[in-house]
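If you use the working numbering, the sequence shown closes out at 142, no skipped numbers anywhere.
Structure first, then comments.
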Amino acid sequence: MAYVVTEPCINCKYTNCAAVCPVDAFREGPNFLTIDPLECIDCDACVAECPVEAIYPDDEVPMEWEHYIDLNERLADQWFDRIINETKEELPNADEWAEVEDKLDQLQEEWED
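As structure tokens, this is what we get:
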């Protein structure tokens with residue numbers, strides 16, 4: 030079992046969760062974090078650190094967000110070189126975005142490097 034980041038993270042990207050991960054399983058996207066399921070050791074440390082309650086064990090992801098299980102795996106592969114293991118500034122307007130629902134269409138998969 031691995032942990033999965035779900036929709037509430039989009040456009041917030043609080044990084045408290047990544048800072049406590051003992052195995053550097055978090056990957057950073059432009060406006061979302063993901064957990065590499067091959068690196069995650071199921072320690073549960075990240076769950077309590079997420080202020081928007083976006084992280085779930087893969088077998089407890091709410092039904093409306095089950096597609097995030099595959100999305101996390103795919104994005105972890107895509108962002109394999111973007112390991113994040115420290116706290117960074119959240120995105121602008123993160124607190125406002127935390128209250129928004131149905132925001133998958135806001136997910137940015139590509140970095141503009």
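Quick reminder that beta carbons are idealized off the backbone N, C-alpha and C, glycines included.
State the CB to CB distance for the pair residue i and residue j, rounded to an integer number of angstroms; the pair is presumed to be in contact (CB under 8 Å).
i	j	result
residue 132	residue 57	The pair is not a contact, with the Cβ atoms about 18 Å apart (cut-off 8 Å).
Let me check one thing: in DSSP terms, what residues is residue i bridge-paired to?
i	result
residue 159	Not covered by the structure: residue 159. The range shown for the chain is 30 to 142.
Are the beta-carbon atoms of residue i and residue j separated by less than 8 Å?
i	j	result
residue 61	residue 38	yes
residue 32	residue 113	no
residue 135	residue 59	no
residue 30	residue 86	yes
residue 68	residue 77	no
residue 70	residue 52	yes
Spatial neighbours of residue i within its chain, please: CB distance less than 6 Å, with the 5 preceding and 5 following residues excluded, ordered by chain position.
i	result
residue 63	34, 56, 101, 104 and 105
residue 74	49
residue 117	44
residue 111	56 and 57
Excluding five sequence neighbours on each side, which residues of the same chain lie with their C-beta closer than 8 Å to the C-beta of residue i?
i	result
residue 109	56 and 65
residue 123	40, 41, 42 and 43
residue 139	59
Tell me which same chain residues have a C-beta within less than 7 Å of the C-beta of residue i, skipping the five on either side of it?
i	result
residue 96	none
residue 143	The structure shown has nothing for residue 143, since the chain only spans 30 to 142.
Output yes if chain B places a C-beta closer than 8 Å to the C-beta of residue i; else output no.
i	result
residue 48	Absent from the structure is chain B; it holds one protein chain and no more.
Query - In chain order, each beta strand (DSSP E) run of at least 3 residues that lies wholly inside the region 58-116 - result: 62-64 and 84-86
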